[in-house]
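Here the structure is laid out as structure tokens; the discussion comes afterwards.
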Amino acid sequence: MLEAMEREEGEPALSSTYLPEPEGVGSPTEFITALRLLKAWSGLAYRQLEGKAAASGDVLPSSTIATTLGRDTLPRERFVIAFTHACGLDDDQVKKWLDARRRIAVLDQSQQVRAVAESVPADEPDSVVATSEDRPGRRLSRWWQFVNLAVAVVLGVAVTLSVQDLVLHNRDDTVPTASQPVAGLALADVGSWVRIQPARTPELCLAEGRDRTQRYPTAIAAQRPCTQSSPRVYLDPIDEGVVQIQWHHAKYGIGCLTVLVEGPGDNLLEPRDDCADDNPAQQFRIEPTGPTTAARFRIRTTATNHCLALRDQDTVDGAEIVQGRCSGARDQEFLIHLIPPA
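Note that my numbering has the sequence shown beginning at -14, numbered continuously upward.
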């Protein structure tokens, strides 16, 4: 993936005379296409955009740009802000892109609600004769199920319309500024490079390792000497306090740490290239476990609500990172430090 990205950066940049405008886009796919056109209009390569963002105080890795523009899903607002600024747009122009993104997000939600509404079955004919297998009580139960579903649909539509009114009419007209997605960690809105170390063995870092039992054959997360740690680790916020843990590998590209919940790799963490914001197995909640100055955290999986720890509470080089029941033990505490981009 990274090799392909480098080849693209080495090619002549596409040019465009007219600044792309987002007002006419109506779907996530069209929005991504418009962002690609904006990149072409800027005449900047991925690493140049990364540099422009850094000069403005934003963190926007070139690999994140490549991954986001390679998908057909709606990007996060913080990406839109950093990317459009890096392309050279001012606050008023950036706001247009945010307006379009919010409008598409609400429209997409409305379509989902409409799909649920259309799935509600039509009323059964009144002429149906009750049998021993279709007693009045049973028909009444079915009727209540239909009523409950219909009520849920109506409420969903109402909520969607309320959100649309709130987002499109009553929001603050200023472009959002950086916030703190993770309590106790000065993580940028678009994510940051980090070093993650087990608190008991700070000379070791979360890095690529192997299952010492040899039951699982591919790369997994383990603790390794920090001087030899690879790949680079990037925390990508996807919700308040919730992140993806991305590995940026020089050879294999971007992989998101994924909790395995079955098979020979049960409870291990494997980097996978099918990163998805809505995959609970790739979502981790970062929770401070001490004073904010300590940079000490518990990492909890959202898929199982378990905590990351060292297998068998081991402290040796190569010990696997696993998920397990949260106990408050020391091996479930990690140090997380921000590091500057390379």
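Virtual Cβ for every residue (Gly too), placed ideally from N, Cα, C.
With a threshold of 7 Å on Cβ separation, who are the neighbours of Arg21 within its own chain once the five nearest residues in sequence on each side are excluded? Start at 1 with the first residue of the sequence shown, and residue 21 comes out as number 36. Correct list, in chain order: Leu54.
Do you know offhand how far Ala39's Cα is from Ala85's? Against the sequence shown, residue 39 aligns to sequence position 54. Against the sequence shown, residue 85 aligns to sequence position 100. Straight-line Cα distance between these residues: approximately 25 Å.
Check for me: the alpha helix (DSSP H) holding Val65 runs from which residue to which? Within the sequence shown, the letter at position 80 stands for residue 65. It spans 62 to 71 - the alpha helix (DSSP H) in which Val65 sits, taken as one unbroken run.
CA-to-CA distance, Leu34 to Glu8, given in whole angstroms: Start at 1 with the first residue of the sequence shown, and residue 8 comes out as number 23. Start at 1 with the first residue of the sequence shown, and residue 34 comes out as number 49. For Glu8 and Leu34, the distance between alpha carbons rounds to 23 Å.
For Leu59, name the three-state secondary structure that DSSP assigns. To locate residue 59, count along the sequence shown from 1; it is residue 74. Of the three classes helix, strand and coil, the one that applies to Leu59 here is coil, per DSSP.
With Arg185 as the anchor, note down where its beta strand (DSSP E) starts and where it stops. As a working note, residue 185 is residue 200 in the sequence shown. No beta strand (DSSP E) contains Arg185, which DSSP labels as neither H nor E.
In angstroms, rounded to a whole number, what distance separates the CA positions of Ala25 and Pro5? Working through the sequence shown from its first residue, we reach residue 25 at position 40. Working through the sequence shown from its first residue, we reach residue 5 at position 20. Cα to Cα, Ala25 sits roughly 10 Å from Pro5.
Applying the criterion that 16 or more other CB atoms from any shown protein chain within 10 Å of the CB defines a buried residue, is Gln267 buried or exposed? The residue given as residue 267 occupies position 282 in the sequence shown. Gln267 should be labelled buried.
According to DSSP, is Leu29 helix, strand or coil? Against the sequence shown, residue 29 aligns to sequence position 44. Leu29 falls in the coil class under three-state DSSP.
Just verifying my parser: in three-state terms, what is the DSSP assignment at Pro222? For the purposes of this step, residue 222 is taken as the residue at position 237 of the sequence shown. Strand at Pro222.
Looking at Ile321: is its Cβ nearer than 9 Å to the Cβ of Arg209? Here residue 321 is taken as the residue at index 336 of the sequence shown, counted from 1. Here residue 209 is taken as the residue at index 224 of the sequence shown, counted from 1. Not closer than 9 Å, so no.
Taking only the alpha-carbon atoms, compute the straight-line gap between Cys72 and Ser48 and give it to the nearest angstrom. Position 87 of the sequence shown, counting from 1, holds the residue named residue 72. Position 63 of the sequence shown, counting from 1, holds the residue named residue 48. Answer to the nearest angstrom: the Cα atoms are 16 Å apart.
For Val79, which residues in the same chain have their Cβ closer than 8 Å to its Cβ, ignoring the five residues on either side in sequence? Here residue 79 is taken as the residue at index 94 of the sequence shown, counted from 1. Counting only Cβ-Cβ distances below 8 Å, and skipping sequence neighbours, we find Val65, Ile66, Thr69, His70, Val160.
Residue range of the unbroken beta strand (DSSP E) whose run includes Ala288: Taking the first residue of the sequence shown as position 1, residue 288 is located at position 303. Taken as a continuous stretch (DSSP letters only), Ala288 belongs to no beta strand (DSSP E), as it is neither H nor E.
Roughly how far, in whole angstroms, is the beta-carbon of Leu253 from the beta-carbon of Glu305, given that I think they are within contact range, below 8 Å? For this step, residue 253 is matched to residue 268 along the sequence shown. For this step, residue 305 is matched to residue 320 along the sequence shown. Rounded, the Cβ-Cβ distance is 6 Å, consistent with contact.
Among residues of its own chain, excluding the 5 on either side of Ala184, which ones have a beta-carbon nearer than 7 Å to its beta-carbon? Taking the first residue of the sequence shown as position 1, residue 184 is located at position 199. Counting only Cβ-Cβ distances below 7 Å, and skipping sequence neighbours, we find Arg281, Arg315, Glu318, Phe319, Leu320.
Neighbour-count burial assignment, Arg285, 16 or more Cβ in a 10 Å radius: Locating residue 285 in the sequence shown gives position 300, counting from the first residue. Per the 10 Å Cβ criterion, buried.
Whole-Å CB distance - Trp178 paired with Tyr219, under 8 Å assumed: For this step, residue 178 is matched to residue 193 along the sequence shown. For this step, residue 219 is matched to residue 234 along the sequence shown. Yes, they are in contact, since the Cβ atoms of Trp178 and Tyr219 sit about 6 Å apart, within 8 Å.
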